[in-house]
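Numbering (my numbering), first residue to last: 322 to 476.
Shown next as structure tokens:
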């Protein structure tokens, strides 16, 4: 079960990155145009996918070897001293939670009764910051914490 969830988590990473890139591009390209149902739907699909990713990630954090079990086995102080353990137990988790909050803020701002130009600018800001945080918080294969990991695990 854990392995399947790990593969799902890795797959959803790409879905979220694509949706974020689409959302950022659409809001940037449309910043002087009306805010359409298509903009709302892109944000909604992004938010739903991010929420599913959060649930899968929380399952992994509580049941897998890198989150809570790592803290329980090694102690929080030792986890914080080890860069690999710290990344998954703390940094990745906090970064992704912040990104999901920003995605929710970007979607919610698009529903407010404000001028369309402001909706685009705020959604672009929140989605852009979420994209930046996600790019920083993912254990990419070229990073020390992601060394030996595949670009497409399980595929």
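Think of the CB as a built atom: it goes at the ideal place given N, C-alpha and C, for glycine as much as any other residue. Computed from a prediction, not measured in an experiment: that's the story for all the values here.
What did DSSP end up calling residue i once you bin it into helix, strand or coil?
i, result
"residue 409", "helix"
"residue 463", "coil"
"residue 393", "helix"
"residue 404", "helix"
"residue 332", "helix"
"residue 473", "coil"
"residue 468", "coil"
"residue 322", "coil"
Excluding the five sequence neighbours on either side, which residues of its own chain have a C-beta within less than 6 Å of the C-beta of residue i, listed in chain order?
i, result
"residue 454", "416, 419 and 420"
"residue 451", "420, 423 and 424"
Could you spell out the range, first to last residue, of the alpha helix (DSSP H) harbouring residue i?
i, result
"residue 434", "Element bounds for residue 434: n/a, residue is neither H nor E."
Take residue i and list the residues in its own chain whose beta-carbon comes closer than 7 Å to its own, dropping the five residues that flank it on each side.
i, result
"residue 364", "344, 427, 428, 431 and 444"
"residue 356", "431, 437, 440 and 441"
"residue 389", "382 and 383"
So residue i and residue j are supposed to be a Cβ contact under 8 Å. How far apart are they, rounded?
i, j, result
"residue 377", "residue 326", "5 Å"
For residue i, which residues in the same chain have their Cβ closer than 8 Å to its Cβ, ignoring the five residues on either side in sequence?
i, result
"residue 391", "400, 406, 409 and 410"
For this session: Please specify which runs of the alpha helix (DSSP H), each continuous and at least 4 residues long, are wholly inside the region 335-401, giving them in chain order.
Result: 358-384 and 389-395
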